[in-house]
Structure formats: structure tokens, C-alpha cells
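Step one of this worksheet: look at the structure below.
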Amino acid sequence: LPAAMFPTYSATKAAIHSYTQSLRYQLKNTSIQVMELAPPYVQTTLTGEHQATDPHAMPLDDFINEVMSILKQNPDAREILVERVNFLRTAESKGMDAYYELFNGFNDQMASTRTTSV
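Encoded structure:
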């Protein structure tokens, strides 16, 4: 789901998703395993100090622990998706009206958080 406040970042993530799928296909008959890790909004300083303490962001330790648990349960996972990101990954499968409702709500929330945090 694109973050309208960060269009270049969102486009880059979409490109990486496409590239990863293509690379995985090209390497399917080799011993190389291609995995994609799609993180949600995580408490880091990627967009500034405010993000590291933003209560809307997933705590970094929780993210790491969930990723490691997923890999332990499924070491051959193609995509590593923590629970908090699943609704973003499957947004389009709900239909375009539901997608745009989620897209607008997600971006409205991000915009209000950014405005009050700065």
C-alpha cells in the first residue's frame, strides 16, 4: 500500500517486490533462495527521531522477533510478512473500493501523525 507522503520510497518498494519475484523465477532451478522481507512502519529513525517512539509504529524488537519466528517455522518462505503488514499486502484483493478506502484511511492517519509529531 503506497504511503503518499513518501512516493519515491513507496515506488522503490514496489519495484523491489517486482524485481524479487522475477529474480526468484530466474533462479528457481538453482540452489539460490530469494526471500522478500516486507516490513510495516517500524520504530526506527528512517524518517526522523519521531518515528523511533511513534506508538503507531511496530517496536523494532517485536518486528525482529516475529521475523525470526516466521523464518524458524518456514525457512523456505518466499515472502516474510509479519501480522501487522498482512492487511497492506492483501489490500487490492478486497476490491478497488475497499482498497481506496484503506489507502485513504492509511494515508490520512500517516498525515495526521506526521503533523502532530513534528
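Plus 378 on top of the position in the sequence shown (first one is 1) and you've got our numbering. Just so it is clear, CB atoms sit at the ideal spot from N, CA and C, and this is done for glycine as well.
query: Thinking just about the alpha-carbon of each residue, which of D454, A435, I458 is nearest to the one in V445?
result: I458
message: Pairs of beta-carbons, one from the stretch 424-433 and one from the stretch 461-473, closer than 8 Å: are there three or more?
response: no
- prompt: What separation, rounded to the nearest whole angstrom, lies between the Cα atoms of L379 and S388?
  reply: If I take the Cα positions, the gap works out to 8 Å.
message: Judging by CA-CA distance, which residue of L438, V412, L415, Q411 is the nearest neighbour of L424?
response: Looking at L438, V412, L415, Q411, the one whose alpha-carbon comes closest to that of L424 is L438.
message: Using CA atoms only, rank isn't needed, just tell me which of M436, Q421, T386 is closest to V463.
response: M436
field: Proximity to Q421 [Cα-Cα], best of A489, I442, S490
entry: By alpha-carbon distance to Q421, the top candidate from A489, I442, S490 is I442.
message: Please report the straight-line C-alpha distance between M488 and E479, rounded to a whole angstrom.
response: 14 Å
message: For N485 and A416, which I take to be in contact (beta-carbon distance under 8 Å), what is that distance rounded to the nearest angstrom?
response: The Cβ separation is near 18 Å, so there is no contact.
task: Name the two residues that bound the continuous alpha helix (DSSP H) containing V463.
output: 461-467
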